[in-house]
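Quick notes on the structure that follows.
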Amino acid sequence: MTDRWENAREYGFGEGSSCYDNVLILGDVRVGAHTWIGPNVILDGSGMGLTIGSHCSISAGVQIYTHNTVRRSVSLGRDPVDYAPTVIGDGVYIGPNTVIAMGVTIGDCAVIGAMSFVNGDIPGRKSAWGCPARIVGNIPD
């Protein structure tokens, strides 16, 4: 096992960030300072880029995407792969085994519950969970 902080530095992540050995990082992924990337995470920046802010916790098994192949698959290859940038703000907590779909923006200081599927934007200082994720509360200042 290598040093998680060294891994993050090698990927160009912000100061004080850490990243486990078994994280899959694809394409253009930018991570701010003091962000923790847990084990078995997928960070897909292959479709227009993935940005994750500072002071975030990305829990074990989280998958964050910037593309999907649904239209290409169901059209038997006639339609293209869809791409859209995905943005995670500062101070965001994403619970274990959550999936974030392409094109989603999660605002600063939001909390996403475990095992959620986020396919729409979540404003800052909101808590959301479920499949699909729905806003269920506010995060105090």
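Residue numbers (my numbering): 409 to 549.
Heads up, the beta-carbon is just placed ideally off N, CA and C, and yes, glycines get one too.
According to DSSP, is residue 522 helix, strand or coil? coil
Could you compute how far the alpha carbon of residue 468 sits from the alpha carbon of residue 511? 21 Å
What separation, rounded to the nearest whole angstrom, lies between the Cα atoms of residue 489 and residue 418? 29 Å
Residues sharing a beta bridge with residue 533, DSSP: Per DSSP, none; premise fails for residue 533.
Could you check the C-alpha separation between residue 519 and residue 422 for me, to the nearest Å? 21 Å
Say whether the region 477 to 489 touches the region 526 to 535, bearing in mind that this needs 3 or more beta-carbon pairs closer than 8 Å, one atom from each stretch. no
Are the Cβ atoms of residue 457 and residue 474 separated by less than 8 Å? yes
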